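Asker: In the numbering used here, the protein residues as written are 12 to 371.
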Amino acid sequence: MSETSPKLRAVLDDIPTYKPGKPAAADGPIAYKLSSNENPYPPLPGVLESALAAAHGFNRYPDMACTGLMNELAERFGVPVTHLATGTGSVGIAQSLVQSTAGPGDEVMFAWRSFEAYPIITQISGAAAVKVPLTAGAVHDLDAMAEAITDRTRLIFVCNPNNPTGTVVRRAELERFLDRVPSDVLVVLDEAYIEFIRDSGVPNGIEIYRDRPNVAVLRTFSKAYGLAGLRVGFAIAHEPVAAALRKTAVPFGVSQLAQDAAVASLRAEDELLGRVGSLVCERTRVYDGLTAQGWTVPETQANFVWLGLGERTVEFAAACEKAGVVVRPFPGEGVRVSIGEAEANDLFLRTAETFFKEKF
Ligand code: PMP
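#1: Our contact map puts Thr-259 next to Ser-111 with C-beta atoms below 8 Å; I'd like the distance itself, whole angstroms only.
#2: Taking the continuous beta strand (DSSP E) assigned at Leu-23, which residues delimit it?
#3: Between the region 195-206 and the region 162-173, do at least 3 Cβ pairs fall closer than 8 Å?
#4: With respect to 7 Å, is the separation between the Cβ of Cys-77 and the closest non-hydrogen atom of the ligand PMP below this value?
#5: If you draw a straight line from the alpha carbon of Asp-154 to that of Asn-174, how long is it in whole angstroms?
#6: Report the start-end ranges of each beta strand (DSSP E) in the region 205-263 that is 3 residues or longer and not cut off at the edges.
#7: Which same chain residues end up closer than 6 Å to Trp-317 when comparing Cβ atoms and leaving out the 5 residues on each side of it in sequence?
#8: Helix or strand or just coil, what does DSSP make of Glu-118?
#9: When the distance is taken between beta carbons, is Ala-279 closer than 8 Å to Gly-57?
#10: Tell me which residues share the same chain as Arg-339 and place their Cβ nearer than 6 Å to its Cβ, disregarding the 5 neighbours each side in the sequence.
#11: Indicate the three-state DSSP secondary structure (helix, strand or coil) for Cys-77 in the structure shown.
#12: Confirm the yes/no value for this check: CB of Gly-100, any heavy atom of the ligand GDP, distance under 7 Å.
#13: Among Phe-315, Val-337 and Ser-107, which one has its Cα closest to the Cα of Val-325?
#14: Measure how close the beta-carbons of Ile-26 and Ile-131 come, nearest whole angstrom, since I'm counting them as under 8 Å.
#15: Which residues does DSSP pair with Pro-340 in a beta bridge?
#16: Say whether chain D places a C-beta atom closer than 8 Å to the C-beta of Arg-124.
#17: Around the Cβ of Asn-70, are there at least 16 other Cβ atoms within 10 angstroms (buried) or fewer (exposed)?
#18: Span of the alpha helix (DSSP H) holding Ala-96?
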């Protein structure tokens with residue numbers, strides 16, 4: 012009998028692998044993980060209590076409709092429950108959005124470089140990825156994106172602020188772009204970092220989605236809310252998009268623990284705002300520190316900064332790691348550094364200063 016392997020879909024060949032941020036070393040000098048845009052604070056008040064209570068029901072499946080969380084979200088954001096869908100992190104919903112709209116022969120567009128999951132989930136769907144380069148200032152080039160739309164375009168991601176550059180698109184340019192997108196093409200405003208925005212010119216996607224049926228907003232509890240490990244995110248979209256998301260979601264994908272923790276986090280908004288405010292202050296300190304040292308840093312509205320180090324990327328990441336801070340290198344392009352606790356940011360700033368003095 013000849014040995015053959017099971018036939019796998021050809022589109023799975025050469026899918027880029029998702030590279031998670033490297034963990035801090037378990038041994039050696041104290042190391043800080045600034046590689047995954049996580050929140051350095053522990054869960055918000057009430058979250059651990061809700062988690063312990065949920066633990067008593069681990070023998071049961073979670074509420075598949077996420078009723079409590081959906082009701083809380085509807086009230087908090089002033090949207091109908093029928094316009095909501097939850098998922099295993101916003102990346103899970105992003106994948107459902109692509110699967111709901113695109114397949115072989117279709118195109119999914121996004122800026123590049125942007126969130127590294129976009130090309131992966133596009134390739135899995137069988138659709139073609141259309142990557143539109145960021146401008147020289149590392150910002151979405153919305154004019155070039157509008158020009159790249161074809162009759163095969165099915166979905167366009169706009170990551171605002173953009174991961175990994177932290178840059179934003181503002182209201183007028185976004186509206187102008189949306190006016191150019193055909194109404195049967197879905198535009199996904201990925202707002203994973205929205206809570207960190209302080210630039211009042213940047214719109215809240217929920218205001219934009221209200222009278223644009225082809226706009227969906229993607230949010231997560233992983234960043235500002237500090238629940239990255241629990242895997243819960245949500246989308247706000249009109250019917251039939253929201254209904255398609257609920258249909259394509261993995262059944263019981265969001266655990267009861269995650270649902271209850273998300274509700275508790277929404278109810279701790281004062282604390283949330285305080286913590287986000289502190290991280291934004293730290294961001295300003297890091298940004299100002301870097302520019303004072305001589306670095307060119309794109310203006311960031313997220314919980315990370317971008318250093319376009321080009322061919323020095325890997326060397327810089329190694330210097331940081333040696334000093335005890337793990338950052339996220341994109342070889343040949345640059346390094347993304349999350350804003351962490353003050354000591355971690357201090358250590359990073361000292362390392363960046365030494366590197367700049369020695370190499371530039
Ligand atoms: N969108 C963007 C822009 C991100 O940076 C991330 C996390 N790296 C996500 C979505 C996914 O986050 P999660 O799945 O944890 O909600």
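Just so you know, even glycine gets a beta-carbon here, dropped at the ideal spot from N, CA and C. Source: prediction; values computed, not measured.
Answerer: Put simply:
#1: 5 Å
#2: No beta strand (DSSP E) holds Leu-23; DSSP gives it neither H nor E.
#3: yes
#4: no
#5: 19 Å
#6: List check, beta strand (DSSP E) in window: 226-231 and 244-247.
#7: Pro-175, Thr-176, Gly-177, Pro-309, Gly-345 and Arg-347
#8: strand
#9: yes
#10: Result list for Arg-339: Gly-32, Ser-46 and Arg-347, in chain order.
#11: When secondary structure is reduced to three states using DSSP, Cys-77 falls in the coil class, being assigned neither helix nor strand.
#12: For the structure depicted, the ligand GDP is absent and the ligand set comprises only the ligand PMP.
#13: Of the candidates Phe-315, Val-337 and Ser-107, the residue whose Cα lies closest to the Cα of Val-325 is Val-337.
#14: 6 Å
#15: Val-346
#16: Reference to chain D is not applicable here, since this structure consists of a single protein chain.
#17: exposed
#18: Here Ala-96 belongs to no alpha helix (DSSP H); instead the beta strand (DSSP E) covers 95-98.
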